Structures are given as C-alpha cells and as structure tokens.
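K.L.:
This is the structure I have questions about; it appears just below.
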Amino acid sequence: MELDPRTLDPYPFLTGIVTPRPIAWVTSVSPAGVVNLAPYSFFNVFGDNPALVVFSPNLKPDGTKKDTLLNVEASGEFVVNASVARLAAAVNLTAKVLPHDESEVPLAGLTLLPGVRVKVPRVAEAPAHLECVVREIKPYGTHPGAPTLVIGEVVWMHIDDAALTNGLPDPHKLQTLGRMGGTFWCDTSRGLFEQARPT
Ligand SMILES: Cc1cc2nc3c(=O)[nH]c(=O)nc-3n(C[C@H](O)[C@H](O)[C@H](O)COP(=O)(O)O)c2cc1C
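My numbering applies: residue -17 is where the sequence shown begins, and numbers increase by one.
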C-alpha cells in the first residue's frame, strides 16, 4: 500500500509505525497552583549536551491548548516522570480530560514529592524523574490537532536505587512502558497489552 499523508488521516499509520514510543508522564503547575499530570507519547530525548527532551501537546479538537501546554507556557518548567509497567493503569487514567482547575494526581491515587531544581513536583510512585526547564515552544498551526513542540532542558534527574545495577538504569528493574498504535501499549517486561483511553 502506498499512502500520501496529505490525502488521508495519517494518524493511525504514523502512530502504528513509529513504535514503541516512550511515554513522558508530565507534571506541570498552573498559575493557580494546580498540579497537572498527563501522558505524552509524542516524546523523546534528543541530546545530552545540553540534555534535551521534546514532547508535543497537540491542540484539542476545538483548537484550544491542553492544560500541560498552558502550564509550561506560563511557568517555563515541567517534570517527566517515568512511565513503568506497574503504573500502566494510572498513566492511562491521567489522560482523562479534567477541568483546568482539577488535578489528575488524586484521581489516579498518586502522591507528590517536591522538585529539586524546579517548582513543579514529581510523582512519588514513579521510579525516575527528569526535571526540565523550557528552552523553546514551537507551534505548528492553530488548527485542531496541531502539534506544538515543547523543547525542555533536563536540569536534574532522580532515579530509585532499586532500578539500578552497578549505578546505571537497569531495564529489567525499570520496566518502562511504550505506546503502540490504537489501544496497544508495550511493556518491556512482557510484550504487548491493551488499554482503552479513559472516558
Ligand atoms: C499513552 C498516551 C499518550 C498520549 N500522548 C499524547 C501526545 O503525545 N500528545 C497529545 O497531545 N496527547 C497525548 N495523549 C492524550 C493526552 O494525555 C490527553 O489529551 C490529556 O487529557 C492531556 O491532558 P492535559 O490537558 O491535562 O495536558 C496521550 C494519551 C495517552 C494515554
């Protein structure tokens, strides 16, 4: 099959082919102090000097900005919490659309720890955290679904000693999650599994 991404909806193909995608589980804080938490799989690390991560909160179907984008624009800070197998249900639950003044943290039964270099807290239950300051925000349009690249520099890292072997991250212990196409996810310790988006 040959496909021109401009003549059909390329989303299921792009998200089915570019797999597995790491999942940034992003905490951010609103100007009123509400802690937001949401998963983003349009995400990766792009360098180590400076240590750069990028994720894309795409515009909502009505063309407005997601809470995470509003918060990082206002505060210039965010934290990427590690998405791991034992937290798969909680990661998915935090994709639920809540009003801007409501936090996903209690909804998912999670607790917070303070950041060291940023004012944004991190998810205590996650085994690793990247504290980030925004370097650049690049919008690609104002239409529904338009990507907006949030480029952040990692200014502090935390990782549980229990996830290390010889002082380095051990994939057997960390058990990170990946996002596949459709309702499929991948658990690096047991392969594919399915989770539908929360309604
Ligand atoms: C695993 C997973 C990955 C997701 N990745 C993205 C993404 O890369 N970009 C995006 O705009 N939405 C993504 N979403 C949807 C957002 O998490 C969802 O729209 C959420 O409500 C945004 O929350 P916020 O408005 O609090 O930022 C993803 C959802 C899940 C479950």
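Where is the CB? At the ideal position from N, CA and C, for every residue including glycine.
Small disclaimer: the values here were computed from a predicted structure and weren't measured.
Is DSSP giving Asn53 helix, strand or coil here?
P.N.:
By 1-based counting over the sequence shown, the position of residue 53 is 71. Residue state, collapsed to three classes: helix.
K.L.:
Between Ala108 and the rest of its own chain, which residues show a CB-CB distance below 6 Å, the 5 nearest in sequence each way excluded?
P.N.:
On the sequence shown, position 126 is the one that residue 108 refers to. Around Ala108: Asn63, Ala64.
K.L.:
For Phe28 and Leu52, I'd like the C-alpha separation in whole angstroms.
P.N.:
Within the sequence shown, numbered from 1, the residue matching residue 28 stands at position 46. Within the sequence shown, numbered from 1, the residue matching residue 52 stands at position 70. Roughly 23 Å between the two C-alpha positions.
K.L.:
If you check the beta carbons only, do Cys114 and Val137 fall under 8 Å apart?
P.N.:
Translated into positions along the sequence shown, residue 114 becomes position 132. Translated into positions along the sequence shown, residue 137 becomes position 155. Against a cut-off of 8 Å, the Cβ pair of Val137 and Cys114 comes out as a contact.
K.L.:
Among the residues of its own chain, which have a CB less than 8 Å from the CB of Arg117, if the five just before and after it don't count?
P.N.:
Locating residue 117 in the sequence shown gives position 135, counting from the first residue. Within the same chain, Arg117 has close Cβ partners Pro32, Leu34, Ile133, Gly134, Glu135.
K.L.:
On the premise that Leu92 lies in contact with Ala72, defined as a C-beta separation below 8 Å, what is that separation, rounded to the nearest angstrom?
P.N.:
Here the question's residue 72 lines up with position 90 in the sequence shown. Here the question's residue 92 lines up with position 110 in the sequence shown. Indeed they touch by this definition, with Cβ atoms about 6 Å apart.
K.L.:
Can you check the stretch 73 to 124 for any beta strand (DSSP E) of at least 3 residues that lies completely inside it and give the ranges in chain order?
P.N.:
Counting whole runs of 3 or more residues, the stretch 73 to 124 contains the beta strand (DSSP E) stretches 110 to 121.
K.L.:
Cβ of Pro88 versus every heavy atom of ligand 1: is any distance shorter than 7 Å?
P.N.:
Looking up residue 88 in the sequence shown gives position 106. Result no, Cβ not under 7 Å from ligand 1.
K.L.:
Assuming Val16 contacts Thr9 (C-beta within less than 8 Å), just tell me the rounded distance between them.
P.N.:
For the purposes of this step, residue 16 is taken as residue 34 along the sequence shown, with counting starting at 1. For the purposes of this step, residue 9 is taken as residue 27 along the sequence shown, with counting starting at 1. The pair is not a contact, with the Cβ atoms about 11 Å apart (cut-off 8 Å).
K.L.:
Three Cβ pairs or more, each shorter than 8 Å: is that satisfied between the stretch -9 to 11 and the stretch 158 to 165?
P.N.:
yes
K.L.:
What span of residues does the alpha helix (DSSP H) with Ile133 cover, start to end?
P.N.:
Counted from its first residue, the sequence shown places residue 133 at position 151. Here Ile133 belongs to no alpha helix (DSSP H); instead the beta strand (DSSP E) covers 130 to 141.
K.L.:
Spatial neighbours of Leu174 within its chain, please: CB distance less than 8 Å, with the 5 preceding and 5 following residues excluded, ordered by chain position.
P.N.:
Indexing the sequence shown from 1 puts residue 174 at position 192. Excluding residues within five positions, the ones whose Cβ falls inside 8 Å are Met162, Phe166, Trp167, Cys168.
K.L.:
Mind reading off the beta-carbon distance from Gln157 to Val66? Whole number of angstroms is fine, and I expect it under 8 Å.
P.N.:
One-based indexing of the sequence shown puts residue 157 at position 175. One-based indexing of the sequence shown puts residue 66 at position 84. Between Val66 and Gln157 the Cβ distance is about 5 Å, and since that is below 8 Å, they are a contact.
K.L.:
How about Pro43 and Thr50: are their beta carbons less than 8 Å apart?
P.N.:
For the purposes of this step, residue 43 is taken as residue 61 along the sequence shown, with counting starting at 1. For the purposes of this step, residue 50 is taken as residue 68 along the sequence shown, with counting starting at 1. Cβ atoms of Pro43 and Thr50: not closer than 8 Å.
K.L.:
Where Thr181 and Lys78 are concerned, what is the direct C-alpha to C-alpha distance, given to the nearest angstrom?
P.N.:
Counting from one through the sequence shown, the residue named residue 181 turns up at place 199. Counting from one through the sequence shown, the residue named residue 78 turns up at place 96. Their backbone Cα atoms lie some 7 Å apart in a straight line.
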